[in-house]
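Undergrad: Going line by line, the protein sequences match chains U and S.
Okay, so the first sequence: first residue is 1 according to the numbering used here, each after it adds one.
Okay, so the second sequence: first residue is 1001 according to the numbering used here, each after it adds one.
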Amino acid sequence: MRMTDVMADEHGSISGVCPLLAVEGLCKSYGGNRVLDGVSLTVRPGRIVGLIGENGAGKSTLVKCILGLVPADAGRIDRRATLAAIHQELSIAGGLSVAANLFLGRERRTPLGTLDHRAMRREAAAVFARLAVEIDPGAEVDSLSVAQMQWVEIARALSIDARLLILDEPTALLNRDESEALFAVLRGLRSRGHAMLFISHKLDEVAALCDELVVLRDGVVVSAGAERLAPREMARRMVGRELAALYPPRCAPRAETALRLEGGFGGSFDLRAGEILGVAGLAGQGQAELGETLAGFRPLRGGGQITVQGRPVRFRSPRMARAAGIGYLAADRLRDGIWRDFTVAEHVGLGDLPRYTRHGHLRHAAMRSATERFIDAFRIRCRGPAAPVGELSGGNQQKVSMAKVLGAEPRVVIFNEPTQGVDVGARQEIYIFIAGLAARGVAVLLVSSDLQELIGLCRRVLVMRAGRLAGCVGEERLTEESLIYLATGVHAA
Amino acid sequence: MKKSLAACLALAVLLGLCLAASATFRNPANLMNIARQVSYSGIIALGMTLVIAGGGIDLSAGSLVACSGIFALEAMRRCASLPAGVQLAVMLATALLCGVAGGAVNGALVNWGRIPPFIATLGTLSIFRSLAVYQADAGLIMVDNAWLDRLCGGWTPVVVLLVVAGALAHLLRNTPLGWRICAVGASERAAAYAAVSVRRVRFMTYAIIGGLCGASAFLLAGRLSSISSTGSGANYELDAIAAVIIGGTPMTGGRASVWGTLAGVFILGIIANVLDLWSISANLQGTVKGLVIILAVLIQFQKRRERAG
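1) Along the stretch 1195 to 1220 of chain S, where does the CB come closer than 8 Å to a CB of chain U? Name the residues.
2) What's the C-alpha gap between S/Ala1120 and U/Gly25?
3) Using the three-state DSSP reduction, which class does U/Asn416 fall into: helix, strand or coil?
4) Which of the three DSSP states, helix, strand or coil, is assigned to U/Thr307?
5) Report the three-state DSSP secondary structure of U/Gly489 (helix, strand or coil).
6) Does the beta carbon of U/Gly291 sit closer than 9 Å to a beta carbon anywhere in chain S?
7) Does the structure place the stretch 1187 to 1204 of chain S close enough to the stretch 315 to 333 of chain U that three or more beta carbon pairs sit under 8 Å?
8) Suppose contacts are defined by Cβ-Cβ distances below 9 Å. Is U/Ser393 in contact with U/Glu417 by that definition?
9) What separation, rounded to the nearest whole angstrom, lies between the Cα atoms of S/Val1288 and S/Ser1063?
10) So, is the C-beta of U/Leu503 closer than 9 Å to a C-beta in chain S?
11) Terminal residues of the continuous beta strand (DSSP E) containing U/Ser393?
12) Would you decide whether S/Tyr1193 is buried or exposed? Buried here means 16 or more other CB atoms lie within 10 Å of its CB.
13) Determine the burial state of U/Arg146: buried for a count of at least 16 other Cβ atoms within 10 Å of its Cβ, exposed for fewer.
14) Going along chain S, which residues have a C-beta under 7 Å from U/His361?
15) Check distances from the C-beta atoms of the stretch 1254 to 1277 of chain S to those of chain U and list, in chain order, the residues that come in under 7 Å.
16) Just to confirm, is the Cβ distance from U/Gly278 to U/Ala252 under 9 Å?
17) So what does DSSP say about U/Phe198, is it helix, strand or coil?
18) For chain S, is any of its Cβ atoms less than 9 Å away from the one on U/Ser448?
19) Below 9 Å between beta carbons: does that hold for U/Ile86 and U/Asp136?
20) Quick one: complete beta strand (DSSP E) runs, 3+ long, within the stretch 1210 to 1247 of chain S?
21) Across the stretch 1043 to 1050 of chain S and the stretch 1208 to 1215 of chain S, are there enough close Cβ pairs to call them in contact, namely three or more that are closer than 8 Å?
22) Is the Cβ of U/Phe551 closer than 9 Å to any Cβ of chain S?
23) Cutting at 7 Å between CB atoms, please list the residues of its own chain near U/Lys404, excluding the five before and the five after it.
24) Going along chain S, which residues have a C-beta under 9 Å from U/Glu346?
25) Does the Cβ of U/Ala244 have 16 or more other Cβ atoms within 10 Å, making it buried, or fewer, making it exposed?
26) Counting only Cβ-Cβ distances shorter than 7 Å, please list the residues of the stretch 1032 to 1050 of chain S near chain U, keeping chain order.
27) Chain U beta carbons: is any one of them nearer than 9 Å to that of S/Leu1005?
28) What separation, rounded to the nearest whole angstrom, lies between the Cα atoms of U/Val389 and U/Met196?
29) Less than 9 Å between CB atoms is the rule here; does U/Trp339 satisfy it with respect to chain S?
30) Do you know offhand how far S/Val1258's Cα is from S/Ile1271's?
31) In whole angstroms, what is the alpha-carbon distance linking U/Ala386 and U/Gly38?
32) For a contact defined as C-beta to C-beta under 8 Å, what are the partners of U/Leu353 on chain S?
33) Kindly indicate which residue of S/Pro1250, S/Ala1183, S/Asp1058, S/Ile1208 has the alpha-carbon position closest to the one of S/Val1110.
34) Can you pull the chain S residues whose beta carbon is under 8 Å from the beta carbon of U/Gly349, in chain order?
35) For U/Leu102, I'd like the list of residues in its chain whose CB is within less than 8 Å of its CB, leaving aside the five on either flank, ordered along the chain.
36) Would you mind listing the alpha helix (DSSP H) stretches within the stretch 50 to 88 of chain U that are 4+ residues and don't spill past its ends, in chain order?
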């Protein structure tokens, strides 16, 4: 209680005069690609500032600059308070107790130098009491729910006396009630003079919680102020960029159905040969699971039937899916898609070893010539088939990992975030390639968090929410706004 | 590829120096002795190369040699009334079967029991040795078979070592299984996403080293005319792992060099032999072996740092 009083005093003396955070003219480029271009924003005590923008608009780079994790190229950042960031990926040390996590790195000690568990538990309990949440400081963090871990993070921020909290998609993994409870705490903190930078894709939450709003588009602040905006208007300001040139022309799908899902993931859909069908949704709403299920990496839970080329299938392994003509391109290229030390030729070979095997022996010459063909077709920039993939750029690594999948000539290809971490030039080549696949009659399921990419490439986009197919947006209504509405559950008026 | 070359180069230099320096070393009988001596654990080192390339480790190999040897000789003793040739066939089959079965147990524990290889094979190290000791009542089983002596004498173990090395090098380079082993070792998840059956591949590596343990036991029985339940195969797994490391196969898996391992096997054998010739206390030989292993890894890490820099 006393601590709160002290903070209120401090707050009284500086409030209104001095922002806790002032960013001015911030610029940041990655390899010639300008991510932030003259961004300015201020966060004053007792205010919650919403920061919205599409994926790739520069939000996370801005946060990294503010936290000092990456140096800015130009501009000024004034931090006049202790900052604490609460990330989507929680930074909690598993196996330790809640109290140990709160005091990690600044453990309380007894006069003898041993850990003072009692003092830490007492202080932890006091912080939780301030937050009005019930968590046992002695509990192991592994036993907590995601929402409770979020509390631990916030408690840690408060226990280091952070006056400015940066919350990056804090509700991504929370249900409605948990989110409401979080907002109640955030409002309580606001009334005590804490400031918050609140980043979220859930625009209705932003509208309900934030006092000010900063909209970022392509690294530029396009709108800032205390003006109250409806979610519709926020979405409109987030989008709006000429992109026609980036995407190849879309061609019409063929008549035959390549893949059908009936009654799985709370819905059904057909994927036709030559079609690029998008899958959109907020982070972690089951899009990746849908792709992995169709590719045989996980069983289809809760009933339903997958049909490939008119034949019902039940995949027990990725090999079965592969044999049925389904190729899968993993999202996390570095972890799941490539072997850094392996050569380009080895990747092509491993993509379809049976094809390059005769009488139990690998045909190295066939593999090499196939690799050369792929290097040409994908315009992979490398020294040759024997170049280790680790030395290629991100975009070229992605192309190798695509070559690996497409070597088996699948009739259905599932792309999971194919352009994540890929620069614009290589991105366009990947788009052209995906469109080329479709033109040859391959059915493509494109899971992406980049809405522009989906709109640019697809005629239809499935939207997922809470692990279920929430709906399908057809060509006539295919806008970012309609996708965001469907993904967030905010329906167009 | 470069690392295995380094090991081969080191072997050539070491061999050259020793040949030049010592007439006793030059003696063909001594050279043959070295080659035969390293063969038994060397065969296992070759199998270990596959296991390590696939991201695993097998600590139970030495115990499995004793176990399959004891059971093979026991089986042979039970059909003592049959002709010597049949006895020999029974023994060879039992040794190989026991070896493969033991390897299969390891593979099953690692793949379907989801036990880390280090722990699973630490457990079977104890089990296999104990089974051998129990069967032989902590003693040894003698064998008297004219065919066995003839078959396993002379250059046989060395020929087996070289043939196995050639076969495994071929497997790694030219067959789908070989590529899959390295793919699994380099990144299990990437291999799974490339529709490689990770479990089947890993299982195969343990089955192969198991079979090689059986082969080693068979050859060892031929050389010693007995298998000791407590002493046979002792520390073979450590010698094998040492040879793999010296040969330049990274402990993290993903790459394998059978020829490097073979060089590592001979480097260790020559050093042991030279220390004997210089009448350096056998008790100190472990120190030298340890220093060689550490030196080999230090050099390898140095190289990796240069490449990263």
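We treat Cβ as the ideally placed atom computed from N, Cα and C, and that holds for glycine.
TA: Well, looking at it:
1) Ala1195, Val1196, Ser1197
2) 58 Å
3) strand
4) strand
5) coil
6) no
7) yes
8) no
9) 24 Å
10) Residue 503 of chain U is absent from the structure shown; chain U starts at 1 and stops at 493.
11) From DSSP, U/Ser393 is part of no beta strand (DSSP E); its letter is neither H nor E.
12) buried
13) The identity of residue 146 of chain U in the sequence shown is Val, whereas the question assumes Arg. By the neighbour-count rule (16 or more Cβ atoms within 10 Å), U/Val146 is not buried but exposed.
14) Asn1174, Thr1175
15) Gly1254, Arg1255
16) no
17) strand
18) no
19) no
20) 1226 to 1228
21) yes
22) Only positions 1 to 493 of chain U appear in the structure, and residue 551 of chain U is not among them; the question remains open.
23) His347, Val348, Leu350, Gly351
24) Trp1179, Cys1182, Ala1183
25) Its pLDDT being 45, under 50, U/Ala244 is placed unreliably in this model, and the coordinates cannot settle the point.
26) none
27) no
28) 42 Å
29) yes
30) 20 Å
31) 43 Å
32) Pro1176, Trp1179, Arg1180
33) S/Asp1058
34) Trp1179
35) Met120, Glu123, Ala124, Val127, Pro137, Val152, Ala155, Arg156, Ser159
36) 59 to 67
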